[in-house]
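Numbering (our numbering), first residue to last: 767 to 1039. I have placed the structure first, in the form of structure tokens, so that the comments after it can refer back to it.
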Amino acid sequence: MINDWRRPDRPLAIAHRGHSIAFPDNTMAAYRAAIELGAEMIEADVNMTRDGQLVMIHDTTLGQSTSGQGRVRDATMADLAGLDAGGWFDPSFRGLSIPSTRETLELIREAGVLVCFEVKADGPVEMADTARALVTLLIERDALGFALMSGYDHEALALATTIAPELVLAPERLPDDVPPDPENAASQAMALRSPILQVHHRYLTRDLVDTLHANDVALWSWPTTEENDLVSSIEIGADAVMGDDIRLMIEVLDRLRPRLQPVAAADSPPDQI
767 MINDWRRPDR PLAIAHRGHS IAFPDNTMAA YRAAIELGAE MIEADVNMTR DGQLVMIHDT
827 TLGQSTSGQG RVRDATMADL AGLDAGGWFD PSFRGLSIPS TRETLELIRE AGVLVCFEVK
887 ADGPVEMADT ARALVTLLIE RDALGFALMS GYDHEALALA TTIAPELVLA PERLPDDVPP
947 DPENAASQAM ALRSPILQVH HRYLTRDLVD TLHANDVALW SWPTTEENDL VSSIEIGADA
1007 VMGDDIRLMI EVLDRLRPRL QPVAAADSPP DQI
């Protein structure tokens, strides 16, 4: 079977929480800006509320990126509705709301791009609950064809695939903050039957790339926001780059890995002048 996530000609362009260099991350404004700039996939973070609703926010607490306080898991959807999720970034974004995962899915569907939802929670029990709720929503909304799941809790990801075996996983390498053993990294993806492994850009080596590719596992490099990190990831053979600055990402990709031009059919008539 061919791994379609391998991208030898041009890495996949993934927006890390949207075009988050210029917009508050994990907001609809950040997602829309990334799509308009040419992102092929949005990477976004999912937490669950006390009443079982899925929402888009990176931290498991509210204080870092909203006007609220406390844990996301201790709040209801109604509690979150009135919070400001933009003013922390810049006063001009004051009034932006925390998106629901459901509305984010519909934005992605309408735009015709891909999305990778990273499961966020405190501890293995909450991780499993959130992963279960997320895969259930993806099934309900017929989104498994364009939505992937990622995260650091590999057991929670495995649980999700027992509910939907066709779900594509993109797990984070564990641990993500030390140099990898290439064989161990590949085995992590293969244990989950995942065609993808996410690896921090600073730990990319030729041996790691070759080992993953030899096992038909695609490598996603993150967070490739700076030009040097984009260039090094692309040149070493990453199959996707994930960063905050989509404008720069597309510029670098177009320079180093130009899009292949479609070949005109031999019997196509010449343009009329």
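A virtual CB, placed ideally from N, CA and C, is assigned to each residue, including glycine. Note that this is a predicted model, so its numbers are computed, not measured.
Using DSSP's beta-bridge definition, name the partner residues of residue 1009. 781
Short check: CB of residue 885 to CB of residue 915, under 8 Å? yes
Going along the chain, which residues of its own chain have a beta-carbon closer than 7 Å to the beta-carbon of residue 816, five neighbours each way excluded? 839, 840, 841, 842
So, does the segment 988-1003 touch the segment 775-786, judging by three or more C-beta pairs under 8 Å? yes
Test item: CB-CB of residue 937 and residue 925 under 8 Å: no
Could you spell out the range, first to last residue, of the beta strand (DSSP E) harbouring residue 809? 807-814
Distance CB(residue 811)-CB(residue 822) smaller than 8 Å: yes
Just reading off the alpha helix (DSSP H) that residue 916 is part of, what are its end residues? Segment 913-916 is the beta strand (DSSP E) holding residue 916; no alpha helix (DSSP H) there.
Taking the C-alpha atoms as reference points, what is the distance between residue 837 and residue 1010? 25 Å
If you compare alpha carbons, which of 939, 946, 883, 957 is closest to residue 971? 946
Measure the beta-carbon distance from residue 935 to residue 927 and round it to whole angstroms, keeping in mind my assumption that it falls under 8 Å. 7 Å
Going by the beta-carbon positions, is the gap between residue 828 and residue 862 smaller than 8 Å? no
Please say whether residue 883 and residue 913 have beta carbons closer to each other than 8 Å? yes
Given residue 1053, which residues of its chain have a CB within under 6 Å of its CB, disregarding the five upstream and five downstream residues? Absent from the structure is residue 1053, since the part of the chain shown begins at 767 and ends at 1039.
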